[in-house]
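One structure is given below, encoded as structure tokens.
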Amino acid sequence: MFDFGFSEMLVAGAVALVVLGPERLPKAARTAGEWVGKIRRMAGNVKSELARQDEYAQLAKIKSEFESAASGIREGLHDALPAWERLPEPHTPADFGVDDEGAPLAKVGGLQVKSVYKQSLEKKRARRRAVPRVRVRR
């Protein structure tokens, strides 16, 4: 802002020496230095305050964007179906090509049926269950 060269400052110092005299010049220079320091500190404080205000504005903008996104999510969750209605249909072992005991199912005409071996095992088990066993003591 102020472009003072060395020669210009030397001329200003000589004029101040003539006007103020050698007794008052050091005190005047000290006072001028204090004023310059105060002005610089005030300018630095103003700059830092403006920077803080800018950061605050950016944080407020981010906060409002975050709150709008959160409200959108809340509305989406509020309009969604209850949890028990959002569950997928349960799978059965037949969906994976096996029966309840883990044996593979045979396909007949596009339909899955139990194998002949599994059918015979089930018949044997059914016969065993149907006939009560009687224990005989010896």
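The opening residue of the sequence shown carries number 1 in the numbering used here; numbering runs sequentially from there.
Cβ coordinates follow ideal geometry from the N, Cα and C atoms, glycine included.
Can you have a look at residue i and say buried or exposed, based on whether 16 or more other CB atoms are within 10 angstroms of its CB?
| i | result |
| --- | --- |
| LYS114 | buried |
Helix, strand or coil for residue i? Go by DSSP, reduced to three states.
| i | result |
| --- | --- |
| VAL134 | coil |
| ALA32 | helix |
| ASP54 | helix |
| PRO82 | coil |
Answer yes or no: the CB of residue i versus the heavy atoms of the ligand PLP, is any distance below 7 Å?
| i | result |
| --- | --- |
| ALA32 | This structure lacks the ligand PLP, and indeed carries no ligand of any kind. |
Report the CB separation of residue i from residue j in whole angstroms; it is logged as a contact under 8 Å.
| i | j | result |
| --- | --- | --- |
| ALA16 | LEU25 | 6 Å |
| LYS123 | ASP99 | With 8 Å as the limit, LYS123 and ASP99 do not qualify as a contact, their Cβ atoms being about 15 Å apart. |
| ARG20 | ALA14 | Here the sequence assigns Leu to residue 20, which means Arg is not the residue at that position. Rounded, the Cβ-Cβ distance is 11 Å, inconsistent with contact. |
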